[in-house]
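Numbering (our numbering), first residue to last: 98 to 487.
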């Protein structure tokens, strides 16, 4: 019985002495392990995985501003309004009871609306907001280098609140109106424009959300940002950290509503579509189904749950949807072979199609699947929405 214990004790002492010798060898000759592996033909030991170093944010966005700012212009839209002269009663009691009284003929008065724009072509095309130039009878554009030019309205689109102007000045700095790298929530963006008429200004923020809707117009797919956008910024450029155009600044939620740092821009893909259509047709031509939609509301465990698709809330009499047999309460799930995400997605895809296009709609009617084919018409003019700030 004692012999096995002696053998075990001997083995433990040998192991301890071996570890001590190995530790001493490593301290004296740190490369001993690598040399021994190489001598025995075992190669180098595996290296631990390393992560790529984080890319630091630039210390300055001056290069991005230098790339985009020359294409951003100040817009001064002038119009004439008739103003009724008012007269106040000298008697304080009458003044309190009746207030100011109109007298005499209405008099014309010149009103100037301030805004911004973006030169998107060396041919002189300038994108801005429709609400900046609406009703104007004289539009002046001041370029980055101080030149001033009279602008002509090529066309406007109330549904997206965009307008296309043209100036006859050469040479012109222009920014590319192409799809930049995908915009993501958290991206740094710069708003360039003419806030409050004080001159070109740059503000910085991040993309706070995508696909926002404010019910200001029919076609909305706003980029939300916390870059400061004030009155006069409307129509200016929203660019990324490389100076690429990602949007047209258009609206803000003011402090009167309790908001701060909530601004909105029209995505560049929408702006490009409007530009191309207005240059080609003088207006934006859209497909129209002739129905109104709302989100599908489902519940699970007593909690609201979002679902894909759109529910028909109204059908225009005589419109394409009515002729195809679509009814209020129908749930639309697919257009052609693609799922419908929500009402906004359906409206955007519907308006992107040319009038006369035949589409296939699939959905549920009282829980029963149905499929219909609809020939789109041209969307009629939409009612004017609320005028945005900015």
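The beta carbon of each residue, even a glycine, is placed where N, CA and C say it ideally should be.
Cβ atoms of residue 219 and residue 269 come within 8 Å of each other, at about 5 Å. Check the Cα spacing between residue 292 and each of 435, 428, 410 and 170: the tightest is with 170. Taken atom to atom, the span from the alpha-carbon of residue 341 to that of residue 450 is near 28 Å.
In the structure shown, the three-state DSSP call for residue 475 is strand. Relative to the Cα of residue 202, the nearest Cα in the group 256, 182, 430 and 317 belongs to 182. Taking C-alpha positions only, residue 206 is separated from residue 173 by approximately 16 Å.
In the DSSP assignment, residue 298 forms a beta bridge with 290.
Contact check for residue 421 against residue 287 fails: the beta carbons are separated by 8 Å or more. Remark: C-beta atoms of residue 438 and residue 429 do not approach each other more closely than 8 Å. Around the C-beta of residue 373, fewer than 16 other C-beta atoms lie within 10 Å, and the residue is accordingly described as exposed.
In this structure, the beta-carbon distance from residue 338 to residue 323 does not fall below 8 Å. For residue 227, no beta strand (DSSP E) run applies; the uninterrupted alpha helix (DSSP H) run containing it begins and ends at 227–230, by DSSP. Residue 300 and residue 326 have their C-alpha atoms some 8 Å from each other.
The C-alpha of residue 357 lies about 18 Å from the C-alpha of residue 285. Closest in alpha carbon position to residue 249, among 235, 309 and 211, is 235. Under the DSSP definition of a beta bridge, residue 411 partners with 389.
Here the alpha carbon of residue 348 sits roughly 14 Å from the alpha carbon of residue 256. If you draw a 10 Å sphere on the C-beta of residue 363, you find 16 or more other C-beta atoms in it, and that means buried.
Residue 344 is positioned such that its CB atom lies no closer than 8 Å to that of residue 229. A straight-line Cα-Cα distance of about 27 Å links residue 243 and residue 258.
For residue 468, the secondary structure class from DSSP, reduced to helix, strand or coil, is strand. Annotation for residue 256: no alpha helix (DSSP H) segment contains it, and DSSP assigns it neither H nor E. Within the same chain, Cβ atoms closer than 8 Å to the Cβ of residue 409 are found at 388, 389, 390, 418, 423, 424, 425, 426, 427, 428 and 429, the five residues on either side in sequence being excluded. Within the same chain, and ignoring the five residues on either side of residue 335 in sequence, the residues whose Cβ sits closer than 6 Å to its Cβ are 286, 288, 343, 344, 346 and 362.
For residue 350, the secondary structure class from DSSP, reduced to helix, strand or coil, is coil. By the beta-carbon neighbour count (other beta carbons within 10 angstroms, threshold 16), residue 177 is exposed.
Among the bridge pairs identified by DSSP, residue 239 is matched with 171 and 245. Listed as beta-bridge partners of residue 322 by DSSP are 304 and 360.
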